[in-house]
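Colleague:
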Amino acid sequence: MDNQKMELRKLRDFSENLNDTFQFIRQELKPLLGSFLAICGVFIILSGIVGGIYQENSLDNVLNVFKGVAYKPNGFAQVFNGVYFLLIFLSILSYVLMHIVLAAYFKIYLIKNKVSPTIEEVWNESVQHILPLFFFSIIYAVITIVSVFFCIVPFFYFSVVFAPFTMIYVIEGGSFGRGFNRCFALIKDNYWMSLAIYLVAYIIYAFGSTIVGAIVSVVAGLAAYFTT
Numbered sequence: 001m002d003n004q005k006m007e008l009r010k011l012r013d014f015s016e017n018l019n020d021t022f023q024f025i026r027q028e029l030k031p032l033l034g035s036f037l038a039i040c041g042v043f044i045i046l047s048g049i050v051g052g053i054y055q056e057n058s059l060d061n062v063l064n065v066f067k068g069v070a071y072k073p074n075g076f077a078q079v080f081n082g083v084y085f086l087l088i089f090l091s092i093l094s095y096v097l098m099h100i101v102l103a104a105y106f107k108i109y110l111i112k113n114k115v116s117p118t119i120e121e122v123w124n125e126s127v128q129h130i131l132p133l134f135f136f137s138i139i140y141a142v143i144t145i146v147s148v149f150f151c152i153v154p155f156f157y158f159s160v161v162f163a164p165f166t167m168i169y170v171i172e173g174g175s176f177g178r179g180f181n182r183c184f185a186l187i188k189d190n191y192w193m194s195l196a197i198y199l200v201a202y203i204i205y206a207f208g209s210t211i212v213g214a215i216v217s218v219v220a221g222l223a224a225y226f227t228t
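According to the numbering used here, the residues represented by the sequence shown are 1 to 228, in order.
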């Protein structure tokens, strides 16, 4: 079975990158999905719950305006309240954790010579990287905001350059400085192909998210209809 497993460390062209991505997902779907749900699931659910609470409060404020309710001087504080910042924190944490889990899965898959990692192994590898990569995500957000202010071109450039940072940091280890240098070295002669791959991946992700969101909306709508 091992000789039929995906070889991760090899040079690939554009089409091979996409084909092997889907092949790896098919091959490792159950253990990979299990790791995501077990490690990231709680934070994603919490983020969704807090987001729902925040949206409900925001909607109440909007409806009050249409109802003619007097404006409150602390309206700004009602928007940027504790729930808002908790939502931001959980959203960033969920996003970072999903990237870490994927990188940890790849690392253990390589170490075990193409044997699927267990949830415990992925967790033990992931937990040590959560704090440093959480702070990196904040640094990256600042770089992104600054690049947008200067020009849209640096935004796209840095987005592609730092896309593999989590993979490099988790799999290869080392310091942040080494991770930064490796990102620039890897992208140096592969920028346009990397950009194309990330764009295609984003389109697939957006399309899939739209379908899932539509299904959830239909189910929620039907549930609301039949319970009223």
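Ideal Cβ positions, reconstructed from N, Cα and C, are used throughout, including at glycine. Quick caveat, the model's predicted, so the values are computed rather than measured.
In chain order, what residues of the same chain lie with their CB nearer than 8 Å to the CB of Cys40, ignoring the 5 residues before and after it?
Modeller: Counting only Cβ-Cβ distances below 8 Å, and skipping sequence neighbours, we find Ser94, Leu97, Met98 and Val101.
Colleague: Spatial neighbours of Thr166 within its chain, please: C-beta separation below 7 Å, excluding the five flanking residues on both sides.
Modeller: Result list for Thr166: His99, Ile100, Ala103 and Leu133, in chain order.
Colleague: What does the alpha-carbon distance come out to for the pair Lys114 and Phe150?
Modeller: Whole-angstrom Cα-Cα distance: 44 Å.
Colleague: CB-CB under 8 Å to Gly34, same chain, minus the five flanking residues each way: which ones, in chain order?
Modeller: Around Gly34: Ile119.
Colleague: What's the gap between the Cα of Cys183 and the Cα of Arg9?
Modeller: When rounded, the distance between both Cα atoms is 17 Å.
Colleague: Looking at C-alpha atoms only, which residue of Ile203, Ser194 and Ile92 is the closest neighbour of Leu11?
Modeller: Among Ile203, Ser194 and Ile92, the Cα nearest to that of Leu11 belongs to Ser194.
Colleague: Which of the three DSSP states, helix, strand or coil, is assigned to Val146?
Modeller: Val146: helix per DSSP, three-state reduction.
Colleague: Who are the Cβ neighbours of Ser159 in its own chain at under 8 Å, not counting the five residues just before and after it?
Modeller: Correct list, in chain order: Thr144 and Tyr198.
Colleague: Going residue by residue through the segment 152-176, where are the continuous alpha helix (DSSP H) segments of at least 4 residues, counting only ones entirely within it?
Modeller: Fully enclosed alpha helix (DSSP H) runs of 4 or longer: 152-161 and 165-172.
Colleague: Output the boundary residues of the alpha helix (DSSP H) element that contains Met98.
Modeller: Here the alpha helix (DSSP H) through Met98 covers Gly82 to Ile111.
Colleague: Do His129 and Val161 have their beta-carbon atoms positioned less than 9 Å apart in this structure?
Modeller: Result no, Cβ atoms of Val161 and His129 do not sit closer than 9 Å.
Colleague: May I ask you to report which of helix, strand or coil DSSP gives Thr21?
Modeller: Three-state DSSP puts Thr21 in a helix.
Colleague: Work out the CA separation of Tyr140 and Leu131 for me, nearest whole Å.
Modeller: Distance between the alpha carbons of Leu131 and Tyr140: 14 Å.
Colleague: Please tell me whether Tyr109 and Glu172 are closer than 9 Å, where the distance is taken between their beta carbons.
Modeller: It is not a contact, given that the beta carbons lie outside the stated cut-off.
Colleague: Roughly how many whole angstroms lie between the Cα atoms of Glu16 and Leu90?
Modeller: Each residue's Cα considered, the two are about 35 Å apart.
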